[in-house]
Amino acid sequence: MAESPERPQSEKPGPARSEPAKSRPRTVVTAATDRDVVASLLATAFADDPVMTWTQPDKRKHHSIFATLLSTSYADARLDVAGCDGEPMGAAIWMPPGRRSSRTDDLRALIAFIRILGPRVVQGTIVDAMCEGRRPDEPHWYLADLGAAVQGRGVGTALLRAGIDRAGDAPAYLESSNEVNVPLYERFGFEVTGEIHLPFGGPTLWTMLRRGQGH
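Shown next, in the form of structure tokens:
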């Protein structure tokens with residue numbers, strides 16, 4: 001599920017300034033080398049995410065959820081971190097075409113999630129099964145998670161652009177856990193292909209595909 005690259009923010013008008021405005025440092029995307037940093041960034045970004053809170057409302061456990069995913073289901077993922085002046089501000093998890101987690105990794109993840117989620121492991125299993133059943137059959141880049149821990153700096157947009165540039169002509173796929181974010185993904189060439197309605201009063205996810213060249 002892809003998180004909001006940027007949440008809308010309001011600004012209060014201030015007094016006019018006579019001095020020229022300083023240019024904001026550029027947000028740079030690099031390959032992540034520290035999985036714990038990625039887990040921390042995503043835990044912050046997803047703190048109020050509808051699907052995350054439906055699965056586990058205790059925010060103190062969100063870091064453990066992402067750390068487990070990064071060491072099991074997403075062990076082979078491409079990890080990106082966006083930052084500015086050495087400060088990490090957001091992260092993205094992309095699974096390359098043809099890569100799926102092994103049964104061993106899935107079993108390890110399930111055992112860990114039983115410990116982390118307790119009875120709510122049922123919700124986590126439902127999310128995983130319903131999302132997995134909607135993924136395209138053709139090889140594609142899968143944006144598993146994308147989140148900006150710092151808002152108003154173009155972090156999510158930079159992460160999304162870097163992933164799309166890397167995908168090139170190959171298809172890319174994601175599930176958006178917030179309808180507000182759909183227009184942004186559409187600007188990057190994604191199209192809504194369906195909706196996933198989680199049971200028991202759960203939230204909705206929007207499946208989105210960026211078709212490859214010639215599709």
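Mapping of the sequence shown onto the working numbering: residues 1 to 215, in sequence order.
From the three backbone atoms N, C-alpha and C, an ideal C-beta is built for every residue, glycine too.
Can you tell me the Cα-Cα spacing of residue i and residue j, whole angstroms?
i: Val28; j: Val37; result: 16 Å
i: Pro124; j: Asp169; result: Here residue 124 turns out to be Gly, not Pro, going by the sequence shown. Distance between the alpha carbons of Gly124 and Asp169 is about 32 Å.
i: Arg100; j: Leu117; result: 23 Å
i: Phe200; j: Ile126; result: 11 Å
i: Ser73; j: Asp145; result: 12 Å
i: Leu110; j: Ala158; result: 32 Å
i: Ser102; j: Leu198; result: 25 Å
i: Gly133; j: His63; result: 26 Å
i: Ile164; j: Ala31; result: 14 Å
i: Arg115; j: Leu41; result: 22 Å
i: Leu70; j: Glu195; result: 26 Å
Could you tell me how far apart the beta carbons of residue i and residue j are, in whole angstroms, since I believe they sit closer than 8 Å?
i: Leu174; j: Met130; result: In fact, because the Cβ distance is near 15 Å, the residues do not count as touching under 8 Å.
i: Leu143; j: Trp94; result: 6 Å
Among the candidates the options, whose CA atom is the shortest distance from the CA of residue i?
i: Ala43; options: Pro50, Arg60, Thr55, Ala31; result: Arg60
i: His140; options: Phe190, Gly156, Ser40; result: Phe190
i: Ala149; options: Thr204, Ala39, Gly194; result: Ala39
i: Gln213; options: Gly163, Gly83, Ala167; result: Ala167
Should residue i be listed as close to the ligand ADP, given that the test is whether its C-beta is under 8 Å from any heavy atom?
i: Asp80; result: Absence of the ligand ADP is noted for the structure shown, with no ligands found whatsoever.
How do the region 76 to 94 and the region 180 to 187 stand: do at least 3 beta-carbon pairs fall below 8 Å, yes or no?
-> no
What residue ranges within the region 146 to 208 form continuous beta strand (DSSP E) runs of no fewer than 3 residues, ordered along the chain?
-> The qualifying runs are 172 to 176, 191 to 197.
Where are the beta strand (DSSP E) runs, 3 residues long or more, that stay fully inside the region 46 to 110, in chain order?
-> 78 to 84, 87 to 95
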